[in-house]
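Residue numbers (the numbering used here): 26 to 243. Read the structure below first, then the notes.
Written out as structure tokens, the structure reads:
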């Protein structure tokens, strides 16, 4: 791959990397290759695509190997890329949450994720397939919001241990107005009973002014 052509993105937009698509390849070789870059999943720009290619370790196909090679081409495109932290006047905690409903054609599980900022600086992030199938996009987004709230609360406690008291409400951004409205509403409906725990957890933090829910366009 030393002579490969660099590329500016680690994965295709609206990719179609699924299980059992294409000719089978040697499993041991694929596992060894993916294992070589597995620890790079801490880099935010390739965290998602490494998770994707890691799903097919048991039965890899040619399309999965091509996706892996694309990661290497992307890493060659920007070998010195890193994170830049800015010094500025405020230390407000914010989180952006989202979920891709039933994105996986293999098992129809949704992928939820969040990224948190301290001021202008990205400090933590996560993208993970949900362990159960969400029956609605609202349910998938609730799970993502609950994860974002937990992460914000953990960061607030971490800052407190470091001697930084964060008294302002932490902002939690979501791109679904119906989900935000429901989070503020204490009335329960039959269609939302299955997400009761996540909903009450989020509402409790809203009532305590620990977080404030803000709409952001997708």
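Here a beta-carbon is modelled for each residue, glycine too, at the ideal position from N, C-alpha and C. These numbers come from a predicted model, not from an experiment.
**Start and end residues, beta strand (DSSP E) containing residue 118** = Counting along the chain, the unbroken beta strand (DSSP E) around residue 118 starts and ends at 118-125.
**Message:** Check for me: the alpha helix (DSSP H) holding residue 78 runs from which residue to which?
**Reply:** Element bounds for residue 78: 72-79.
**Environment of residue 119 [buried if 16+ CB atoms lie within 10 Å]** = buried
**Coarse secondary structure for residue 236, derived from DSSP in three states** = strand
**Asked** Any idea which residues DSSP pairs residue 138 with across the strands?
**Response** 123 and 152
**Message:** Three or more C-beta pairs under 8 angstroms: does that hold for the segment 104-123 against the segment 85-94?
**Reply:** Contact between the segment 104-123 and the segment 85-94 is not established, with fewer than three Cβ pairs separated by less than 8 angstroms.
**Request:** Identify, in the order they occur along the chain, each residue of the same chain with its Cβ nearer than 7 angstroms to the Cβ of residue 65, setting aside the five sequence neighbours on each side.
**Result:** 71 and 75
**Request:** Give every residue of the same chain whose Cβ lies closer than 6 angstroms to the Cβ of residue 99, excluding the five residues on either side of it in the sequence, and list them in chain order.
**Result:** Same-chain partners within the cutoff: 32 and 35.
**Prompt:** Does the pairing of the segment 104-116 with the segment 129-142 give three or more beta-carbon distances under 8 angstroms?
**Reply:** no
**Item:** Where residue 177 falls: helix, strand or coil (DSSP)
**Value:** helix
**Item:** Nonlocal neighbours in the same chain, by C-beta distance under 7 angstroms from residue 126, ignoring five residues either side
**Value:** 135, 159, 162 and 165
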